[in-house]
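Peer 1: Submitted below is the structure of interest, expressed as structure tokens.
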Amino acid sequence: MAAPVPDETILGILAAEPQHGYQLLARFTSRAELGRVWTLSTSQLYAVLKRLEAEGLLRGKQVLGGDAPPRRQYTLTAAGRRRLDAWLETPQLSASVRQVRVQFISRLYVARLLGRPTEALVDAQRRVCEQQLRQLQAAHQAAPEMEALVLDFVIGQLHAVIAWLDTCQERLAEITPL
1397 MAAPVPDETI
1407 LGILAAEPQH
1417 GYQLLARFTS
1427 RAELGRVWTL
1437 STSQLYAVLK
1447 RLEAEGLLRG
1457 KQVLGGDAPP
1467 RRQYTLTAAG
1477 RRRLDAWLET
1487 PQLSASVRQV
1497 RVQFISRLYV
1507 ARLLGRPTEA
1517 LVDAQRRVCE
1527 QQLRQLQAAH
1537 QAAPEMEALV
1547 LDFVIGQLHA
1557 VIAWLDTCQE
1567 RLAEITPL
């Protein structure tokens, strides 16, 4: 499985409002936002921004900020908007705990940031996890001892993810968008 990349998350943040790199980095490092989801260094973020700009998904321009040094402010392009919309509308959901922790939570964050509904997204993720859980429980029946122990662990993780998704759905119904 390929390592997750923050591309669409960055595009989503920029769809909400133009930002410079430092503002984006603050979102990825703040524990109140994406800091518990992503581990992204300054150099990694700027490399991604450079690549996304080269791909025509965002545009950067120097802006003056009073006493502050000039900063490069990024805005979403039409191509970036199309890619973001495709990512939000056709989620590639996985029952992998890592993918849920990074990709699903990022997608949920962006959907909320942009004022999009999240109930269907959470429901779809729950269905994917439940399907995987059923498959693992069936495999557990005939598994040799060591494999059964591993399956116990993964099944426990999926139960925790499903319980979290239920909590997530309840909390999202009670709170306003970001």
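Read in order, the letters of the sequence shown are residues 1397 to 1574 in our numbering. In this text, a Cβ means the ideal position worked out from N, Cα and C, and glycines have one as well.
#1: Can you tell me where the beta strand (DSSP E) holding GLN1458 begins and where it ends?
#2: What residue from GLU1413, ARG1530 and GLU1515 has the CA that sits closest to LEU1454's CA?
#3: Please report the straight-line C-alpha distance between GLY1462 and GLY1452, rounded to a whole angstrom.
#4: Does the separation of the CB atoms of LEU1509 and ILE1409 fall below 8 Å?
#5: Where are the alpha helix (DSSP H) runs, 4 residues long or more, that stay fully inside the segment 1536 to 1572, in chain order?
#6: Would you say ASP1403 and LEU1448 are within 8 Å of each other, going by their C-beta atoms?
#7: Using 8 Å as the Cβ pair cut-off and three pairs as the minimum, do the segment 1433 to 1444 and the segment 1537 to 1548 touch?
#8: Starting from ARG1468, trace the beta strand (DSSP E) in both directions and tell me its first and last residue.
#9: Tell me where the alpha helix (DSSP H) around GLY1408 begins and ends.
#10: Per DSSP, which residues does GLN1415 bridge with? Please list them.
#11: In the segment 1484 to 1523, which residue ranges form an unbroken beta strand (DSSP E) of at least 3 residues, counting only runs that do not cross its ends?
#12: Under a Cβ-count criterion, where at least 16 other Cβ atoms within 10 Å of its own Cβ denotes burial, should TYR1418 be classed as buried or exposed?
#13: Alpha carbon to alpha carbon, how far is MET1542 from GLN1533? Give it in angstroms, no decimals.
#14: Pick from ARG1530, ALA1399 and VAL1493: whose alpha carbon is nearest that of LEU1561?
#15: Compute the Euclidean distance between the alpha carbons of GLN1565 and PHE1500, then round it to the nearest angstrom.
#16: Go through its chain and collect everything with a Cβ distance to GLN1553's Cβ below 8 Å, but skip five positions before and after it.
Peer 2: The answer reads as follows:
#1: 1454 to 1461
#2: GLU1413
#3: Rounded to whole angstroms, GLY1462 to GLY1452 spans 29 Å at the Cα level.
#4: Yes; because the gap between Cβ atoms is below 8 Å, this pair is in contact.
#5: Those alpha helix (DSSP H) runs which fall completely within the segment 1536 to 1572 and span 4+ residues are 1541 to 1570.
#6: yes
#7: no
#8: 1464 to 1472
#9: 1403 to 1412
#10: Paired residue(s): TYR1470.
#11: none
#12: exposed
#13: Taking the straight line joining both Cα atoms gives about 15 Å.
#14: VAL1493
#15: Each residue's alpha carbon lies about 13 Å from the other.
#16: VAL1493
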